[in-house]
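Engineer:
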Amino acid sequence: MTGCRMAGVERVMPEETSKSSALFGREAVTPPGWVRTARPLSVAVLGWARLSEREREGSGYNLVASELAAGLAMSGHRVSYLRSGADYALRPGMHIRRNGRYRGVECAHLVNSPNAAPGLFNFRNMSREMRCKKQTRLVMRWLDSVGADVVHIHSLEGFSLDVIEAIKASGRGVVVTPHNYWFVCPQVDLLHKGTHVCMDYAGGRACEGCMTPASTWKTRWRRKITQMLFRRTGPMLGGWIAGVLFEPWPILRSREARLRMQLGEEERLDPELARGMSIDPREEHSGELVHDKPVPEDITIVEIGRSELDTNERFLGASHHLTVLNGYGQRRWAGVQALRQVDRLTPPSVFCGEVHVRMGVEPERVECVRLGLPHLDRLARRSKRSAFYDVRPWDAATARGPLRLAFFGTVRHQKGIETLVRAITLLPKAERQRCQFLIRAALGDWLHRRRLSRFPEVSFLGGYDMAQLMSSGGEYDVGLLPHIWFENSPLVMLEFLSSGKFVVASRLGGPPEWVVEPGGAGSEGNGGLGNGLLVPGGQPEALAGAIGRLVRGEVTIPSPREVHAVSLLRDYPSYVAACEGVYQRVLDARRSRGDTQA
399 MTGCRMAGVE RVMPEETSKS SALFGREAVT PPGWVRTARP LSVAVLGWAR LSEREREGSG
459 YNLVASELAA GLAMSGHRVS YLRSGADYAL RPGMHIRRNG RYRGVECAHL VNSPNAAPGL
519 FNFRNMSREM RCKKQTRLVM RWLDSVGADV VHIHSLEGFS LDVIEAIKAS GRGVVVTPHN
579 YWFVCPQVDL LHKGTHVCMD YAGGRACEGC MTPASTWKTR WRRKITQMLF RRTGPMLGGW
639 IAGVLFEPWP ILRSREARLR MQLGEEERLD PELARGMSID PREEHSGELV HDKPVPEDIT
699 IVEIGRSELD TNERFLGASH HLTVLNGYGQ RRWAGVQALR QVDRLTPPSV FCGEVHVRMG
759 VEPERVECVR LGLPHLDRLA RRSKRSAFYD VRPWDAATAR GPLRLAFFGT VRHQKGIETL
819 VRAITLLPKA ERQRCQFLIR AALGDWLHRR RLSRFPEVSF LGGYDMAQLM SSGGEYDVGL
879 LPHIWFENSP LVMLEFLSSG KFVVASRLGG PPEWVVEPGG AGSEGNGGLG NGLLVPGGQP
939 EALAGAIGRL VRGEVTIPSP REVHAVSLLR DYPSYVAACE GVYQRVLDAR RSRGDTQA
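With the working numbering applied, the sequence shown corresponds to residues 399 to 996, in that order.
1) Ignore the nearest five residues each way along the sequence and tell me which others in Lys827's own chain have a CB closer than 7 Å to its CB.
2) If you reduce the DSSP assignment to three classes, tell me which class Met404 lands in.
3) One question on the structure: do Arg820 and Val693 come within less than 8 Å of each other, judged by their Cβ atoms?
4) Write down every uninterrupted run of the beta strand (DSSP E) in the segment 863-938 whose length is 3 residues or greater and which is fully enclosed by it, in chain order.
5) Please work out which residues of its chain come closer than 8 Å, Cβ to Cβ, to Val723, disregarding the five sequence neighbours upstream and downstream, and give them in chain order.
6) Glu1007 by DSSP, collapsed to three states: which one?
7) With distances taken between CB atoms, is the gap from Ala976 to Asn924 smaller than 8 Å?
8) Considering only their Cβ atoms, is the gap separating Asn460 from Gly474 smaller than 8 Å?
9) Given Arg489, which residues of its chain have a CB within under 8 Å of its CB, disregarding the five upstream and five downstream residues?
10) So, under 8 Å CB-CB, Ala548 and Val974 are touching, yes? Tell me the CB distance rounded to an integer number of Å.
11) Restricting to Cα atoms, I'd like to know which of Phe835, Ser543, Gly907 is closest to Val933.
12) Out of Ile562, Asn578, Gly871, which has the shortest C-alpha to C-alpha gap to Gly571?
13) Is Phe806 close to chain C, meaning its C-beta is less than 8 Å from at least one C-beta of that chain?
14) So, with DSSP's three-state summary, where would you put Asp668?
15) For Pro412, count the other beta carbons within 10 Å of its own beta carbon; 16 or more makes it buried, fewer makes it exposed. Which is it?
16) Can you look up Gly943 in the DSSP assignment and give me helix, strand or coil?
17) Assign Gln660 to one of three DSSP states: helix, strand, or coil.
18) Write down the C-beta distance between Pro880 and Gly814 rounded to the nearest angstrom, noting that I regard them as a contact closer than 8 Å.
19) Note down the Cα distance separating Gln625 from His811, rounded to an integer number of angstroms.
20) Taking only the alpha-carbon atoms, compute the straight-line gap between Val1014 and Leu777 and give it to the nearest angstrom.
21) Suppose the cutoff is 7 Å on Cβ atoms and the five residues either side in sequence are ignored; what does the same chain contact list for Glu752 look like?
22) Assuming Gln625 is part of the alpha helix (DSSP H), what are its boundary residues?
23) Can you grab the Cα-Cα spacing for the pair Arg712 / Met675, in whole Å?
24) Three Cβ pairs or more, each shorter than 8 Å: is that satisfied between the segment 515-522 and the segment 464-474?
25) Would you say the segment 624-644 touches the segment 529-549, given that touching needs at least three Cβ pairs under 8 Å?
26) Name the DSSP beta bridge partners of Cys833, please?
27) So, at 6 Å on beta carbons, what are the nonlocal neighbours of Ser440 in its own chain, with the 5 sequence-adjacent residues on each side left out?
28) In terms of alpha-carbon separation, which member of Thr617, Phe900, Leu541 lies closest to Leu801?
29) Could you check how far apart the C-beta atoms of Gln533 and Arg704 are, in whole angstroms? I think they sit under 8 Å.
30) In whole angstroms, give me the CA-to-CA distance for Leu667 and Lys591.
31) Arg630 to Ile697, Cα distance in whole Å?
32) Which same chain residues, not among the five before or five after Gly770, have their C-beta less than 7 Å away from its C-beta?
33) Rounding to the nearest angstrom, what Cα-Cα distance links Ala797 and Val755 in this structure?
34) At which residues does the beta strand (DSSP E) containing Ser1004 begin and terminate?
35) Going by other Cβ atoms of all chains shown within 10 Å of its Cβ, with 16 needed for buried, is Leu643 buried or exposed?
36) Does the distance from the C-beta atom of Ser435 to that of Glu915 stay below 8 Å?
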């Protein structure tokens, strides 16, 4: 899902806006047929994003945390949530502020954390990220106040790593679900400079210069002032004042930018302008359009790192992951040591678990728990009730329309939109003209729109949201996931598969656990058709080649029923039940050892 985590971008949500949801302040409402627990627990959840914002803040990680917390509350558990690293106030000192009840979950915010979240903004603050006794004491007092039996950590960004040791020492169960690689990578995604898979962090030396965010103290003071303005004057006026204070250059340069647009860019005339609507059918034409404005020459196009089909295996096979040569190396070691204190590490993919085991976490602590979410269930039900559930969406020999391929995500480099843009330009005319690309990319797609504007086969539709997603099943035939990092369990892939869509994905991270290639292991469930193709990450020519195979009919695109037959999908009720089972087993094991709190 779309989100706000992006280099150089901060989203500051005023507290009043966050409480505007009709669900804020409500008790948990149990739907018909929902199973209530016979052993209610007090579950504390830690993260950095606002639960009520769901996927809008923190992207997929926060959607999972929000839905799981709500599901636990519906099951009869007492659920409390604490976020840290995002809320700041001019009032000195750290303190915890109650933020009301959301879908039956008691929410609180740790204000003025010495560790800023998300992790990008804390990149120069490794010593406090490893240990902050004052913050940890405050978290422990909050856990005491809510009577937590078990603590489920979805993200520790905004906290310090030593909090896990303190929680364990208090006798509580500790469960961590890693949605990324923050525990072993301050950059969060194991992606050097945000563009290349970090195969060797060189004992921490590769981390130096990997990112260049503002210092943490500047981030904290900026948030103190900005959030005060939001609370006092509202988001519109407060946002404008904050922009004048902290980012004046875009405002001061706006007149210069307008003049450059009017005078500095050379206009290109359409060479066919005089033809009107006429064409010469005997003439060979590229099928491309000519627009008045080219891409400005001073815009830098980023270079994306290229991976191979065996990058997963080569990363897991390396032996240098725990070399320590500087403070960043110490930070990785501290993250591993923290995870060695937890009762269960529950990654959504096997690959994510293997990465942490390779870093030094004991295998017996790791238990893969696949994700299940309400909107994925709705997508699957919509597909099964469709009149076209048993219809293969496109056949190269008989098609009377284009093959429709969709990219859903953001313009962040790791999502792979740059790879897709270059792949489209590499397609031969005959193949490209049999396609229609639907791109929904949030966080500013202007440059990509301009670069692909010469191709009438490409449509940019803006970002996507939950409401639009429910009705998008009839808009496309194949989903594209050309990510360039070690994806864990990407929700967009689960959305494609739940909708019964064939996918083309990079063979990086967890997605190969879900994507079944034609004729490969597991494809016998639908006659060998599989549910997708895997390509090397960051290789536009490989992505273009896979699309070409579909267009030429070398690969049969299965029906939604056939896709579902071989797809590894979990529903929301069983996901909530699986997490409940983890908590109960953790507490039972602790009781048997006699080391739980009274």
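Ideal Cβ placement from N, Cα and C applies to all residues, glycine included.
Structural biologist: This is what the structure gives:
1) Cβ neighbours of Lys827 beyond the five flanking positions: Ser684, Gly685.
2) Because Met404 sits at a pLDDT of 39, beneath the cut-off of 50, its placement in the model cannot be relied upon, and the following sentence gives the value as read from the coordinates. The answer is strand: DSSP assigns Met404 an E or B state.
3) No Cβ-Cβ contact shorter than 8 Å links Arg820 with Val693.
4) Taken in chain order, the complete beta strand (DSSP E) segments of 3 or more residues contained in the segment 863-938 are 876-879, 900-904, 930-933.
5) Correcting the residue identity first, residue 723 is Leu in this sequence and not Val. So the list reads Ala600, Gly601, Gly602, Arg603, once near-sequence residues are dropped.
6) The structure shown does not extend to residue 1007, since the chain is modelled only from 399 to 996, so the question has no answer here.
7) No, the pair does not count as a contact, with Cβ atoms beyond the cut-off.
8) For Gly474 and Asn460, no; Cβs fall outside 8 Å.
9) Contacts found: Val509, Asn510.
10) It is worth fixing the name first, because residue 548 is Val in this sequence and not Ala. Going by Cβ atoms, the distance from Val548 to Val974 rounds to 14 Å, so no, they are not a contact pair.
11) The option with the nearest alpha carbon to Val933 is Gly907.
12) That would be Ile562, whose Cα lies nearest to the Cα of Gly571.
13) No chain C appears in the structure shown, which is made up of a single protein chain.
14) DSSP, read as helix, strand or coil, puts Asp668 in coil.
15) Any reading at Pro412 must be qualified, since the residue scores a pLDDT of 46, below 50, and its modelled position is unreliable; no value is offered.
16) Looking at Gly943 - three-state DSSP - the assignment turns out to be helix.
17) In this predicted model, Gln660 has a pLDDT of only 49, less than 50, meaning its place in the structure is not dependable enough to derive any value.
18) Contact holds; Cβ gap of about 3 Å.
19) Straight-line Cα distance between these residues: approximately 29 Å.
20) Nothing can be reported for residue 1014, as the shown portion of the chain is limited to 399 through 996.
21) Excluding positions up to five away in sequence, the list reads Leu714.
22) 614-631 is the extent of the alpha helix (DSSP H) around Gln625.
23) Just so you know, the alpha carbons of Arg712 and Met675 end up roughly 55 Å apart.
24) Judged by Cβ distances under 8 Å, the segment 515-522 makes no contact with the segment 464-474, as fewer than three pairs qualify.
25) Taking 8 Å as the limit for Cβ pairs, the verdict is that the segment 529-549 does not touch the segment 624-644.
26) DSSP, once it has assigned bridges, lists Leu801 as partnering Cys833.
27) Result list for Ser440: Arg476, Gly545, Ala546, Asp547, in chain order.
28) Proximity to Leu801 across Thr617, Phe900, Leu541 peaks at Phe900, based on C-alpha coordinates.
29) At roughly 41 Å, the Cβ-Cβ gap does not stay under 8 Å, so Gln533 and Arg704 are not in contact.
30) Whole-angstrom Cα-Cα distance: 39 Å.
31) Going by C-alpha positions, Arg630 is about 38 Å away from Ile697.
32) Listed in chain order, the non-local C-beta contacts of Gly770 below 7 Å within the same chain comprise Arg968, Asp969, Tyr970, Ser972, Tyr973, local neighbours out to five positions each way being set aside.
33) So the two alpha carbons sit approximately 48 Å from each other.
34) In this structure the chain extends from 399 to 996, so residue 1004 is not present and cannot be described.
35) Leu643 should be labelled exposed.
36) It should be noted that the sequence gives Thr, not Ser, for residue 435. Against a cut-off of 8 Å, the Cβ pair of Glu915 and Thr435 comes out as no contact.
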